[in-house]
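Each residue of the sequence shown is one higher than the one before, counting from 319 in the working numbering.
Think of the CB as a built atom: it goes at the ideal place given N, C-alpha and C, for glycine as much as any other residue.
Everything below concerns the one structure shown next.
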Amino acid sequence: MKTNKGQDVTTGDVKPGLAALSVLGGMATLGLTDNFVPYISERGSLWQFHMLRSIMAFGVLGLIVALGFGALRPKRLGAVLGRSLFQAGAMLIYFGCLSVLPIGVVVAGLFTAPLFVVLISILFQGKTVGPFRWAAVGLGFVGALMVIRPDPDALNLVAFLPIVAGLLYAIGAVATRAWCEGEGTLTLTAGFFGMLGVFGTIGVLMMPVDGPPGHAGFVLRSWGPMDAQMLFWIAVQAVGSLLGIGLIFRGYQLGEATHVAVFEYSLLVFASFWAWVLWDQSVPLLGLVGMAFIALAGIIIALRSGAPVDMRGASVLE
């Protein structure tokens with residue numbers, strides 16, 4: 319695990335094989351459960367989903383604390399809230415896009431976050447980077463364009479929203495290192511789900527009940543039918559998210575952060591595979607090449623900088 323000051327910290331001996339398997343398991347879990355979102359978006363609401371999922375997540379976190387594994391109280395409330403604002407905003411866009419865009423496009427957009435971390439460190443933190451990381455930034459953005467494939471004659475700005483999610487996630491990652499040193503994993507996880515719960519509650523109160531039918535109304539309606547099927551899929555998403563994040567965090571405990579981060583890009587493969595199995599979504603060859611460019615760019619940045627961006631975990635960078 320990496321601390322904010324850049325040292326390697328692990329619990330016990332480094333076990334790279336188990337670390338890789340743990341992260342791969344976490345990404346496989348997230349890749350599968352994120353593909354269940356269309357079951358929710360067809361009749362439900364994005365705001366309802368985040369509000370109820372956050373309540374379920376807090377139930378699990380409360381049980382963990384009651385058993386004596388960690389605490390939820392932050393050391394610096396403002397810092398945790400600020401960090402949570404950006405990362406929750408990223409996930410709000412991410413899940414909203416899953417209802418209208420192929421999951422491969424959405425995940426690829428989120429994985430532009432390491433590229434933005436490099437740019438933020440240069441523009442706002444006065445850091446310098448070498449030619450490898452500059453090349454990685456260029457390669458990653460080319461890859462993102464290959465995945466999105468913008469058509470000037472029929473420009474769909476929604477296709478660029480996953481990249482906005484990547485930018486917000488990058489800001490959250492920088493904030494984790496700059497603002498939240500010493501905060502516990504459970505604290506940051508609670509802040510993240512708490513902020514999403516606040517967003518969800520605001521949306522439920524402000525959005526109209528009647529929105530467009532089907533997936534197109536996922537973001538535009540406040541509430542959907544609250545039957546056993548809807549509760550089941552929201553619970554599956556909540557448990558899957560916590561399980562996936564837990565496996566990723568465990569992977570960072572077992573291995574060196576820069577090496578473990580490489581395996582996070584398997585989410586591109588798992589998400590696209592399950593999208594093909596469950597929804598018959600296929601990725602064109604140009605998109606596959608673009609995903610490979612994004613993954614390669616992120617791997618270069620992780621290995622050259624020693625400060626990888628955890629894409630879906632609570633805080634493996636503390």
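Handout entry: Spatial distance of residue 512 from residue 391 (CA atoms)
Key = Within the sequence shown, numbered from 1, the residue matching residue 512 stands at position 194. Within the sequence shown, numbered from 1, the residue matching residue 391 stands at position 73. Cα to Cα, the separation comes out at about 13 angstroms.
Exercise for the section: Would you kindly report the start and end of the unbroken alpha helix (DSSP H) that includes residue 452? Expected result: For the purposes of this step, residue 452 is taken as the residue at position 134 of the sequence shown. 449 to 466 is the extent of the alpha helix (DSSP H) around residue 452.
Handout entry: Helix, strand or coil at residue 352 according to DSSP, with G and I counted as helix
Key = Sequence index remark: in the sequence shown, residue 352 carries index 34 (1-based). The answer is helix: DSSP assigns residue 352 an H, G or I state.
Practice task
Using three-state DSSP, classify residue 439 as helix, strand or coil.
Solution key: Indexing the sequence shown from 1 puts residue 439 at position 121. Residue 439 falls in the helix class under three-state DSSP.
Exercise for the section: Identify whether residue 602 lies in helix, strand or coil by the three-state DSSP scheme. Expected result: The sequence position of residue 602 within the sequence shown is 284, counting from 1. Of the three classes helix, strand and coil, the one that applies to residue 602 here is coil, per DSSP.
Handout entry: Buried versus exposed call for residue 616 [16 or more other C-beta atoms within 10 Å across all chains shown]
Key = Indexing the sequence shown from 1 puts residue 616 at position 298. By the 10 Å Cβ count, residue 616 comes out buried.
Practice task
Take every Cβ of the segment 368 to 385, pair it with every Cβ of the segment 548 to 563, and state whether three or more of those distances are shorter than 8 angstroms.
Solution key: yes
Problem - residue 608 to residue 413 span [Cα, whole Å] - result: Locating residue 608 in the sequence shown gives position 290, where the first residue counts as 1. Locating residue 413 in the sequence shown gives position 95, where the first residue counts as 1. Looking at the two C-alpha atoms, the distance is approximately 21 angstroms.
Handout entry: CB contact flag (residue 406, residue 484, <8 angstroms)
Key = Locating residue 406 in the sequence shown gives position 88, counting from the first residue. Locating residue 484 in the sequence shown gives position 166, counting from the first residue. Cβ atoms of residue 406 and residue 484: not closer than 8 angstroms.
Practice task
Decide if residue 544 is buried, meaning its Cβ has at least 16 other Cβ atoms within 10 Å, or exposed.
Solution key: As a working note, residue 544 is residue 226 in the sequence shown. That one is exposed.
Problem - Cβ separation of residue 492 and residue 438, assumed to be a contact under 8 angstroms, to the nearest whole Å - result: Position 174 of the sequence shown, counted from the first residue, corresponds to residue 492. Position 120 of the sequence shown, counted from the first residue, corresponds to residue 438. At roughly 5 angstroms, the Cβ-Cβ gap stays under 8 angstroms, so residue 492 and residue 438 are in contact.
Exercise for the section: Give the DSSP-derived three-state secondary structure of residue 498 in the structure shown. Expected result: In the sequence shown, counting from the first residue as 1, residue 498 sits at position 180. It is coil, neither helix nor strand.
Exercise for the section: Would you check if the distance between the CB atom of residue 385 and the CB atom of residue 521 is smaller than 8 angstroms? Expected result: Along the sequence shown, one-based indexing puts residue 385 at 67. Along the sequence shown, one-based indexing puts residue 521 at 203. In this structure, residue 521 does not lie closer than 8 angstroms to residue 385 by Cβ.
Handout entry: Assumed close pair residue 639, residue 340 - CB separation to whole angstroms, cut-off 8 angstroms
Key = A query on residue 639 cannot be resolved here, the shown segment of the chain reaching from 319 to 636 and no further.
Handout entry: Close beta carbons around residue 560, own chain, < 7 angstroms, minus the five adjacent residues each side
Key = Here residue 560 corresponds to residue number 242 of the sequence shown, with the count starting at 1. Same-chain partners within the cutoff: 375 and 378.
Practice task
Along the alpha helix (DSSP H) that carries residue 417, what are the first and last residues, could you check?
Solution key: For the purposes of this step, residue 417 is identified with residue 99 of the sequence shown, where counting begins at 1. Per DSSP, residue 417 belongs to no alpha helix (DSSP H) and is neither H nor E.
Practice task
Tell me whether the beta-carbon of residue 612 lies closer than 8 angstroms to the beta-carbon of residue 429.
Solution key: Here residue 612 refers to the residue found at position 294 when the sequence shown is read from its first residue. Here residue 429 refers to the residue found at position 111 when the sequence shown is read from its first residue. Going by C-beta atoms, residue 612 is nearer than 8 angstroms to residue 429.
Handout entry: Endpoints, alpha helix (DSSP H) assigned at residue 280
Key = Residue 280 is absent from the model: the chain starts at 319 and stops at 636.
Exercise for the section: Pick out whichever of 427, 457 and 499 has its Cα sitting closest to the Cα of residue 478. Expected result: To locate residue 478, count along the sequence shown from 1; it is residue 160. Checked all of 427, 457 and 499; the closest Cα to residue 478 is 427.
Practice task
Check whether the segment 349 to 361 touches the segment 530 to 537, taking contact to mean three or more Cβ pairs, one atom from each stretch, closer than 8 angstroms.
Solution key: yes
Problem - residue 538 - DSSP class collapsed to helix/strand/coil - result: Walking along the sequence shown from the start, residue 538 turns up at place 220. Note: residue 538 maps to coil in three-state DSSP.
Problem - Nearest residue (CA-CA) to residue 592, options 335, 422, 444 and 401 - result: Working through the sequence shown from its first residue, we reach residue 592 at position 274. For residue 592, the nearest C-alpha among the options comes from 422.
Problem - Rounded separation between residue 594 and residue 394 - CA only - result: The residue given as residue 594 occupies position 276 in the sequence shown. The residue given as residue 394 occupies position 76 in the sequence shown. When rounded, the distance between both Cα atoms is 43 angstroms.
Problem - C-alpha distance - residue 449 paired with residue 577, whole-angstrom precision - result: To locate residue 449, count along the sequence shown from 1; it is residue 131. To locate residue 577, count along the sequence shown from 1; it is residue 259. Rounded to the nearest angstrom, the two C-alpha atoms are 21 angstroms apart.
Practice task
Could you check the C-alpha separation between residue 309 and residue 497 for me, to the nearest Å?
Solution key: Lying before the first or after the last residue shown, residue 309 is absent from the chain, which here runs from 319 to 636.
Practice task
Take residue 596 as the anchor and find which of 463, 337, 350 and 541 has the nearest alpha-carbon.
Solution key: Locating residue 596 in the sequence shown gives position 278, counting from the first residue. It is 350 whose Cα lies nearest to the Cα of residue 596.
Exercise for the section: Would you identify the three-state DSSP class for residue 531, choosing helix, strand or coil? Expected result: Stepping through the sequence shown from its first residue, residue 531 is reached at position 213. The answer is coil: DSSP assigns residue 531 none of H, G, I, E or B.
Exercise for the section: For the alpha helix (DSSP H) containing residue 553, list its first residue and its last residue. Expected result: Within the sequence shown, the letter at position 235 stands for residue 553. Taken as a continuous stretch (DSSP letters only), the alpha helix (DSSP H) holding residue 553 covers 546 to 572.
Exercise for the section: With DSSP collapsed to three states, give me the class of residue 385. Expected result: Translated into positions along the sequence shown, residue 385 becomes position 67. Residue 385 falls in the coil class under three-state DSSP.
Exercise for the section: Assign residue 632 to one of two classes, buried (16 or more other C-beta atoms within 10 Å of its C-beta) or exposed (fewer than that). Expected result: Reading the sequence shown from its first residue, position 314 is the one you call residue 632. Reliability fails at residue 632, whose pLDDT of 49 lies under 50, so the model's placement of it is uncertain and no value is given.
Exercise for the section: Taking the CB atoms as reference points, tell me whether residue 567 and residue 503 lie closer together than 8 angstroms. Expected result: Counting from 1 along the sequence shown, the entry for residue 567 is found at position 249. Counting from 1 along the sequence shown, the entry for residue 503 is found at position 185. Closer than 8 angstroms, so yes.
Handout entry: Delimiting residues of the alpha helix (DSSP H) encompassing residue 426
Key = Locating residue 426 in the sequence shown gives position 108, where the first residue counts as 1. Per DSSP, the unbroken alpha helix (DSSP H) holding residue 426 starts and ends at 421 to 428.
Exercise for the section: Write down the C-beta distance between residue 434 and residue 488 rounded to the nearest angstrom, noting that I regard them as a contact closer than 8 angstroms. Expected result: For the purposes of this step, residue 434 is taken as residue 116 along the sequence shown, with counting starting at 1. For the purposes of this step, residue 488 is taken as residue 170 along the sequence shown, with counting starting at 1. That pair is a contact at about 3 angstroms.
Handout entry: residue 415 versus residue 486 - alpha carbon distance
Key = Taking the sequence shown and counting its residues from 1, the one referred to as residue 415 is at position 97. Taking the sequence shown and counting its residues from 1, the one referred to as residue 486 is at position 168. Approximately 15 angstroms, taken between the alpha carbons.
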